[in-house]
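One structure is given here, and the rest of the page talks about it.
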Amino acid sequence: MDVILKWIGGATVAVALVLTGVAIGGSALAEGEGLTPAIQATPPAPAFQPEGAIAAKIAADARRPFTVRRVLPIEGPIKYGEWHWDDEGVPDGPLVITVDLQARVISVFQGGYEIGAAAVMLGTDEHPTPVGKFPILTKERHNVSEKYGNAPMPWTLRLTWDGIAIHGGTEVENGYASHGCVGIPDELAKRVFAIAKKGDMVVVTDGKSVGLGDSII
């Protein structure tokens, strides 16, 4: 049994994957002189699924686009400055971004498949990162913060009108250094910015976990 534990932000989706299987092919036992040949069991035929059942499953999956279907195979805790991205072969689907304050990790899901993850910078006690569900309000490629000393905030995805956003331009390291924003590595910020749209949902949680098959939002 391989157990993968991830927070909903990228270190929290609790996943238990049980991989079982029987390899059938070739001779499992060599026949020796004077030995009775081994009787090999015939594997059961796969269960027949009528076309209607397959179509119904596809339709059911389409009605649950925010269900966790895959998490990235990341070994160990994500280090500050580390980021991951793999969208190869992932079907089109709605984008959902999750951030967990306890795990301090962001995850990017497309159609329920995790395609990106990284450690993040969060707000201080005086300026905490808010918890909740936030649709992306605007996208700003070359944003500069007028509120915080013209600090560069490239690849901004604005979440609130009072200054909370996901953005690059910050060296992600241990500690609380933002005024409530979610700072992510530039390379990840560029990739997320390229596919995110206004209205896509960002879910910020504080220690929440979900498993494969559970709803992200």
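The opening residue of the sequence shown carries number 4 in the working numbering; numbering runs sequentially from there.
Here a beta-carbon is modelled for each residue, glycine too, at the ideal position from N, C-alpha and C.
Keep in mind it's a predicted model, so treat the numbers as computed, not measured.
- [ ] Leaving out five residues on either side along the sequence, give the residues of the same chain with a beta carbon under 6 Å from the beta carbon of E143.
- [x] T159
Task: Three-state class that DSSP yields for L160 in the structure shown - done: strand
Open item on the list: Measuring only the C-alpha atoms, how far is G186 from V175?
Closed with: 7 Å
Task: For G135, three-class secondary structure by DSSP - done: strand
Task: Where A106 sits in the DSSP three-state scheme - done: coil
Task: A197 to I118 span [Cα, whole Å] - done: 13 Å
Open item on the list: Just to confirm, is the Cβ distance from V147 to P155 under 8 Å?
Closed with: yes
Open item on the list: With a threshold of 8 Å on Cβ separation, who are the neighbours of A199 within its own chain once the five nearest residues in sequence on each side are excluded?
Closed with: L98, I100, I139, K142 and L160
TODO: Just grab the DSSP bridge partners of R73 for me.
DONE: Y116
- [ ] In the DSSP assignment, find the beta strand (DSSP E) that holds K142 and state where it starts and stops.
- [x] T141 to S148
TODO: Provide the residue span of the alpha helix (DSSP H) that contains I198, from first to last.
DONE: D189 to I198
TODO: Determine the closest residue to K211 out of S181, Y116, T132 and V102, with distance taken between C-alpha atoms.
DONE: V102
Open item on the list: By the DSSP assignment, the beta strand (DSSP E) with V206 in it spans what residues?
Closed with: M204 to T208
Task: Among G96, T173, I81 and L104, nearest to G114 - alpha-carbon criterion - done: G96
- [ ] Enumerate in chain order the residues of its own chain whose CB-to-CB distance from I219 is below 8 Å, with the five nearest sequence positions on each side excluded.
- [x] I11, F69, T70, V71, V99, T101, F112, G115, V206 and V213
- [ ] Using 10 angstroms around the beta-carbon of H145, count the other beta-carbons present and answer buried if the total reaches 16, otherwise exposed.
- [x] exposed
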